[in-house]
Amino acid sequence: MPLSPRITAVAPSSTLAITAKAKALKAQGVDVVNLAGGEPDFETPVHIKAAAVAAIQEGFTKYTPTAGIPDLRAAVAASLTADLGVPYQPSEVVVTNGAKQALYNALQVLCQPGDEVLIPSPYWVSYPEMVTLAGATPVFVATTPADRFRLSVEAVERAVTAKTRVLLLNSPSNPTGSILPKASLLPLADLVERRGLFVISDEIYDRLSYDEPHTSIVSCGPSLRAQTLVVNGVSKAYAMTGWRIGYAAGPQPVIDAMIRLQDHSTSNSSSVSQRAALAALTGDQAPVAAMAAEFTARRDLLVAALRTVPGLSCVPPQGAFYAFCDISASGLASTVFAERLLTERHVAVIPGAGFGWDTHIRLSFCASRAALDEGVRRLRAFLEAL
Ligand SMILES: Cc1ncc(COP(=O)(O)O)c(C=O)c1O
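In numbering that gives the first Met the number 0, the protein residues as written are 0 to 385.
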């Protein structure tokens, strides 16, 4: 059966192979330390689950408006207005099936063949494939460990051409945990205004920003609001990855186009999950602070432990829940390193190749402190035996 050129151009997920193998080993009874996870290892807070149970019991189980229930759109608008200091109306918000659908739909409605989309590298694995699926061309803008993986305005300026349509930003970043502080965002905002670019700002890890408060590019200049789509959701901050609720806020024509696309593809996201997300955004925020505090403690523990491992170096992450480590001293490519580490020492990590960075591996701290300790101990033993 011939498949469409659209899908044959898309690479399979590079993270899947290693996680499938880790699961298979675990099923055989092997004691695997899993540092590959991309989701909080906490339960969804109780009051959020209760809101979903109540929604089911009262029969809130039918289609909703495609763009989301009015209460949730209003809650998202209020939360973004408060967090970013930029006013949003409920009509300027679309609720999606995870932040992933918001990113996908945004690229679909903004790009046409020939357009270029700037993607800072290392990048989240799905960005290039989403850009390709939108018919546009991904253009990578390298960051460096010496700059703590922060995107520099000079590098972006060099990459901009007459075809550049979108700049994708992800702060805090997956996989590096790098954040873009206001001092870095201001010159980028200026460039975006000058060159008439459109920004898709993926802020899914905003509440997991450990050393300083999160800043969005949208709050960095008067015309940025008309040139930016802010993407966020409840997956990471509220430990709700399985509920599939994300959202985007931005200029009305872009939001209306995204809703039109969603009308004819997935329609609304789950009615029950929307009620849960409403409880998340409007209810007690203490669980978010507690999870962020635990992630901060784990980050500190992991960074300190990694510093003691010869042959490994790592820029301390300032947000999200990943440490991106340089393994080039081992002489192994990242996929070989990850494969051997799993087979020989039973530690699962994600190879950097899928993030465009083959000299690194990604360690997640969505794992207990004991698992982090044990994982680093095995990593050290693995490197010593090489
Ligand atoms: C940078 C980034 N953006 C978006 C997403 C997708 O979030 P969601 O689960 O809400 O679709 C992820 C999930 O791993 C991510 O790391």
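Note that CB positions come from ideal geometry on N, CA and C, so glycine has one too.
Between the Cα of residue i and the Cα atoms of the options, which residue gives the shortest distance?
i	options	result
Leu109	Ser234, Leu260, Phe364, His359	Leu260
Val191	Phe139, Pro121, Gly28, Val159	Val159
Phe364	Gly67, Gly176, Ile55, Ala145	Gly176
Leu117	Ser125, Val138, Ala133, Gln111	Val138
Gly330	Ser125, Val198, Ile258, Asp357	Asp357
Glu42	Ser234, Phe320, Val130	Ser234
Ala247	Ala236, Gly220, Asp201, Ser208	Asp201
Ala366	Ser12, Asp283, Gly37, Ala26	Gly37
His46	Pro121, Tyr237, Glu91	Tyr237
Arg157	Asp146, Arg147, Pro171, Thr142	Thr142
Asn267	Pro252, Gln56, Thr95	Thr95
Ser172	Ala256, Arg368, Arg361, Arg376	Arg361
Ala276	Ser78, Ala16, Ala23, Arg149	Ser78
Ser269	Asp189, Lys25, Ile68, Asp30	Ile68
Arg243	Leu24, Ala101, Glu57	Ala101
Pro119	Gln107, Ser327, Lys20, Ile199	Ile199
Ala322	Gly374, Ala289, Ala285, Pro286	Gly374
Arg72	Arg193, Gly220, Leu15, Ala278	Ala278
Ile326	Ala16, Pro144, Gly113, Tyr103	Pro144
Whole angstroms are fine: how far does the CA of residue j sit from the CA of residue i?
i	j	result
Phe381	Thr7	37 Å
Trp123	Val348	15 Å
Leu378	Ala384	10 Å
Pro4	Glu115	19 Å
Leu340	Leu371	15 Å
Val93	Lys61	18 Å
Ser218	Val155	19 Å
Val32	Ile254	42 Å
Leu280	Ala303	34 Å
Asp70	Asp205	22 Å
Gly310	Ala98	36 Å
Pro39	Thr240	8 Å
Gly90	Asp262	Before going on, a small fix: residue 90 reads as Ser here, not Gly. One C-alpha to the other measures close to 15 Å.
Ala225	Ala74	21 Å
His213	Gln27	42 Å
Thr342	Thr18	12 Å
Lys48	Gln88	27 Å
Val165	Asp146	23 Å
Ser13	Leu34	15 Å
Ala369	Pro1	49 Å
Thr307	Ala328	15 Å
Ser183	Asp283	32 Å
Glu338	Leu24	12 Å
Ala66	Arg193	32 Å
Less than 8 Å between the beta carbons of residue i and residue j, yes or no?
i	j	result
Gly245	Val229	no
Pro186	Val152	yes
Pro121	Gly355	yes
Leu83	Ser170	no
Leu300	Cys313	no
Pro316	Phe336	no
Ala167	Tyr126	As written in the sequence, residue 167 is Leu, which differs from the Ala given in the question. Yes, the pair counts as a contact, with Cβ atoms nearer than the cut-off.
Ala10	Met257	no
Arg274	Ala76	no
His345	Val85	no
Gly232	Ile203	yes
Leu132	Ala188	no
Arg298	Tyr209	yes
Val287	Ala51	no
Arg149	Leu196	no
Ser333	Ala319	no
Taking 7 Å as the cut-off, is the beta-carbon of residue i closer than that to any non-hydrogen atom of ligand 3?
i	result
Val32	This structure lacks ligand 3; its bound ligands are ligand 1.
request  = Collect the residues with a C-beta less than 6 Å away from any heavy atom of ligand 1 and give them in sequence order along the chain.
outcome  = Gly37, Gly97, Ala98, Lys99, Trp123, Asn169, Asn173, Asp201, Ile203, Gly232, Ser234, Thr240, Gly245
task = Could you tell me which uninterrupted beta strand (DSSP E) segments, each at least 3 residues in length, are contained entirely in the stretch 201-282, listed from first to last along the chain?
result = 227-232, 245-248
message = As an exercise, report each continuous beta strand (DSSP E) stretch of at least 3 residues that is fully enclosed by the stretch 141-188, in chain order.
response = 163-169
task = For the stretch 332-381, list the alpha helix (DSSP H) runs that are entirely contained and at least 4 residues long, ordered along the chain.
result = 333-344
key: Any alpha helix (DSSP H) of 4 or more consecutive residues that is wholly inside the stretch 97-146   = 97-109, 125-132
ask   = Which full runs of the alpha helix (DSSP H) of 4+ residues lie inside the stretch 29-64, going along the chain?
value = 45-56
inquiry  = Which complete beta strand (DSSP E) runs does the stretch 283-313 hold, if anything under 3 residues is left out?
reply    = none
request  = Could you name each continuous beta strand (DSSP E) segment of 3 residues or more that falls completely within the stretch 68-99, going from the start of the chain to the end?
outcome  = 92-95
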